[in-house]
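> Attaching a single structure in structure tokens format; questions to follow.
In my numbering, the protein residues as written are 1 to 607.
Take a look at the structure:
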């Protein structure tokens, strides 16, 4: 997952230099940065991003303390000291030499009494994006041998760099004109300082492989090349979308390099599950996540106060806010004891063996490989774009009502992660799913770029699907995510039943279940022009969804049998000769999905 926080002058910069840059440890005053990093057992930070060339830096260069102080603490060129010396030697005044090293507007501008709107704001200088793999990845990284540790660190690096590349290419915008009303894509790219950490900040240290990517707010405008500020709301709006992309990439890297598979784990009953490495003992997650238990112990008190104040239970958004408050209240002080990674891994392994036995710890890799073979034996990593679009729209509509494109994109990536279980997806497949959803199953909602589900396209008025779907979406006995999954399952079953009915009948019948109409607006730029009547592996979910799927599948089979019996009866009544079985004829709607060969026992592809 990805979390974010802002970095500004004052306390924000102090937290960065005394904590983030030295592994969230405790840095004594006067200790040089490199000495503090060596003492904490963490590697030095490195520079990343396509915008480094404009500053004379290169990806992979070590982040020095002075460079970070100038760029991330003052908004100036990281080599400002040398530039100032050269300008002073040329006869420039100190003020002119300093102004020449400032990238964009000086931070003093916000404190000036001449500034109307900005004088009461604390200027942002950077965004601290924290990348964390799923909990089972921390366990495998901490308890397995050094070879697996290095591979998992490489997977984290690859997934993080790909996500940052997507942010700078597709999301990052720079502000210009009065009030930042004009937005444009950055000229070069982002400037990021990356710091890797190994453990949580709990008093009893636990493994937590994570990375702080500190993104500088300074970037160059495309039209004149001058320095300005990134749009903070553009980046913050797409944090969840970037989070799902990072998880998807990390899963694919782990599967490609280690051959492991992934399966969903329900953390909180009725809430969205998370993807974990198959075969990792679930008890180790509780051993690793000591902070989670502390938060869960403090959360009921905050929830009770919320219910007393508002008169009802907190919703999903309010529940997330309360969880953040519980995390802040239970945040422990940073440890003063500093250990190397080798010592930490030895301590973690001893603790896990003492709690669960040596067999549980030393057979982690073996059990992960065995579980992966079982997953690939029962799960076909095949993606149907039409059904993925229906699933994405149904879940986002029930969860949010009105939504934007980035909400669909995040849900499409979750769908890919669940369906493929770590197998690689074709580049741009998530965008193709979103485009199909926007074209076929959405309509504008109010002003701006918001949209909502087009219920007439999802279930036509001449069928009985509306009576099936509405009790699922409006039931208040289930959580919102449970209702969303049930709605998606009902719509998916209707699409599959419609496809079967279309294959069974040679021409449309007035009582057949209608298929969703094609794109009503314009031809889809990401589609191949053929109809979406191709085979799909039914999606599996939680037990409630599985039961709903089985019921709807039985109803679909009964509808298909009724259609076939009725056709035979009419042929017998008119004296017609029996026609060959339609299943023997391969129509354009029953083409086999294209196969994408991937490592492992099974083959997957995209339909």
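Yeah, the Cβ is synthetic: ideal placement off N, Cα and C, and Gly gets one too. On a predicted model such as this, the values are computed, not experimentally measured, just so you know.
So the beta strand (DSSP E) residue 7 belongs to, where does it begin and stop?
The sequence position of residue 7 within the chain shown is 7, counting from 1. Residue 7 -> beta strand (DSSP E) spans 2-7.
> Take residue 512 and list the residues in its own chain whose beta-carbon comes closer than 6 Å to its own, dropping the five residues that flank it on each side.
In the chain shown, counting from the first residue as 1, residue 512 sits at position 512. In this prediction, residue 512 scores a pLDDT of 35, lower than 50, which makes its location untrustworthy; the coordinate-derived value is nonetheless stated afterwards. Cβ neighbours of residue 512 beyond the five flanking positions: 501.
> Mapping the DSSP letters down to three states, classify residue 139 as helix, strand or coil.
Looking up residue 139 in the chain shown gives position 139. Correct three-state label for residue 139: helix.
> Considering just the uninterrupted stretch of the beta strand (DSSP E) at residue 311, what are its terminal residues?
For this step, residue 311 is matched to residue 311 along the chain shown. No beta strand (DSSP E) holds residue 311; DSSP gives it neither H nor E.
> For the alpha helix (DSSP H) containing residue 196, list its first residue and its last residue.
Along the chain shown, one-based indexing puts residue 196 at 196. It is not in any alpha helix (DSSP H) - residue 196 instead sits in the beta strand (DSSP E) that spans 192-199.
> So, with DSSP's three-state summary, where would you put residue 15?
Here residue 15 corresponds to residue number 15 of the chain shown, with the count starting at 1. Correct three-state label for residue 15: helix.
> Cβ of residue 172 within 9 Å of Cβ of residue 235?
Residue mapping note: residue 172 aligns to position 172 of the chain shown, counting from 1. Residue mapping note: residue 235 aligns to position 235 of the chain shown, counting from 1. Cβ atoms of residue 172 and residue 235: closer than 9 Å.
> Straight-line CA distance for residue 43 to residue 37?
Walking along the chain shown from the start, residue 43 turns up at place 43. Walking along the chain shown from the start, residue 37 turns up at place 37. Approximately 7 Å between the Cα atoms of the pair.
> Three or more C-beta pairs closer than 8 Å, one from the stretch 399-413 and one from the stretch 433-453: is that the case here?
They touch, by the three-pair rule.
> Is it buried or exposed for residue 62, if we count other Cβ within 10 angstroms and need 16 for buried?
For the purposes of this step, residue 62 is identified with residue 62 of the chain shown, where counting begins at 1. Under this definition residue 62 is an exposed residue.
> Per DSSP, what kind of secondary structure is residue 503 in: helix, strand or coil?
Position 503 of the chain shown, counting from 1, holds the residue named residue 503. It is helical.
> What is the residue span of the beta strand (DSSP E) that residue 608 lies within?
Shown here, the chain extends from 1 to 607; a query on residue 608 therefore has no answer.
> Among 314, 319, 240, 361, which one has its Cα closest to the Cα of residue 279?
Against the chain shown, residue 279 aligns to sequence position 279. Measuring from the Cα of residue 279, the nearest candidate turns out to be 361.
> Just to confirm, are residue 69 and residue 141 a CB contact at a threshold of 9 Å?
Position 69 of the chain shown, counting from 1, holds the residue named residue 69. Position 141 of the chain shown, counting from 1, holds the residue named residue 141. Against a cut-off of 9 Å, the Cβ pair of residue 141 and residue 69 comes out as no contact.
> State the Cα-Cα distance for the pair residue 79 and residue 31, rounded to the nearest angstrom.
Numbered from its first residue, the chain shown carries residue 79 at position 79. Numbered from its first residue, the chain shown carries residue 31 at position 31. Taking the straight line from one Cα to the other gives about 22 Å.
> Is residue 263 helix, strand or coil when you go by DSSP?
For the purposes of this step, residue 263 is taken as residue 263 along the chain shown, with counting starting at 1. Strand, per DSSP.
> Out of 286, 154, 347, 415, point me to the one whose CA is closest to residue 255's CA.
Along the chain shown, read from residue 1 onward, the residue named residue 255 stands at position 255. When each option's Cα is compared against that of residue 255, the closest is 154.
> If I measure Cβ to Cβ from residue 262 and keep anything under 7 Å in the same chain, skipping five residues before and after, which residues do I get?
Counted from its first residue, the chain shown places residue 262 at position 262. For residue 262, where only same-chain residues beyond five positions count, the Cβ hits under 7 Å are 251, 275, 276, 277, 278, 421, 422.
> Please determine, among 24, 281, 346, 227, the residue with the shortest C-alpha to C-alpha distance to residue 366.
The count along the chain shown starts at 1 and reaches residue 366 at position 366. Of the listed residues, the one whose Cα sits closest to residue 366 is 281.
> Does the beta-carbon of residue 312 have 16 or more other beta-carbons within 10 angstroms, so that it is buried, or is it exposed?
Translated into the one-based positions of the chain shown, residue 312 becomes position 312. Result: exposed.
> Run through the DSSP bridge pairs and tell me what residue 48 is partnered with.
What you label residue 48 is simply residue 48 of the chain shown in a count that begins at 1. Paired residues: 192.
> Given that a residue counts as buried once 16 or more other Cβ atoms are within 10 Å of its Cβ, and exposed if not, what is residue 16?
Reading the chain shown from its first residue, position 16 is the one you call residue 16. Counting Cβ neighbours within 10 Å, residue 16 comes out buried, since at least 16 surround it.
> When you compare the CB positions of residue 33 and residue 191, do they come within less than 9 Å of one another, or not?
Here residue 33 refers to the residue found at position 33 when the chain shown is read from its first residue. Here residue 191 refers to the residue found at position 191 when the chain shown is read from its first residue. No, these two residues do not count as a Cβ contact at 9 Å.
> Taking C-beta to C-beta, are residue 132 and residue 174 nearer than 9 Å?
In the chain shown, the residue the question calls residue 132 occupies position 132. In the chain shown, the residue the question calls residue 174 occupies position 174. Going by C-beta atoms, residue 132 is not nearer than 9 Å to residue 174.
> In terms of residue numbering, what span does the beta strand (DSSP E) encompassing residue 208 cover?
Counted from its first residue, the chain shown places residue 208 at position 208. Its beta strand (DSSP E) spans residues 207-216.
> Apply the 10 Å Cβ neighbour rule to residue 447 and answer buried if 16 or more other Cβ atoms are within range, or exposed otherwise.
On the chain shown, position 447 is the one that residue 447 refers to. That one is exposed.
> Which value, in whole angstroms, describes the spacing of the CA atoms of residue 462 and residue 495?
In the chain shown, the residue the question calls residue 462 occupies position 462. In the chain shown, the residue the question calls residue 495 occupies position 495. In this prediction, residue 462 has a pLDDT of 47, which is less than 50 and means its spatial position is unreliable; what the coordinates show is noted afterwards. Those two C-alpha atoms are separated by around 15 Å.
> Could you tell me which whole alpha helix (DSSP H) segments of length 4 or greater appear in the stretch 221-269?
Taking only runs of at least 4 residues, the alpha helix (DSSP H) segments lying wholly in the stretch 221-269 are 232-237, 239-258.
> With three or more C-beta pairs closer than 8 Å as the rule, is the stretch 391-405 touching the stretch 482-493?
The answer is yes - the stretch 391-405 touches the stretch 482-493, with three or more Cβ pairs under 8 Å.
> Cα separation between residue 419 and residue 266?
Translated into positions along the chain shown, residue 419 becomes position 419. Translated into positions along the chain shown, residue 266 becomes position 266. The alpha-carbon atoms of residue 419 and residue 266 are separated by roughly 16 Å.
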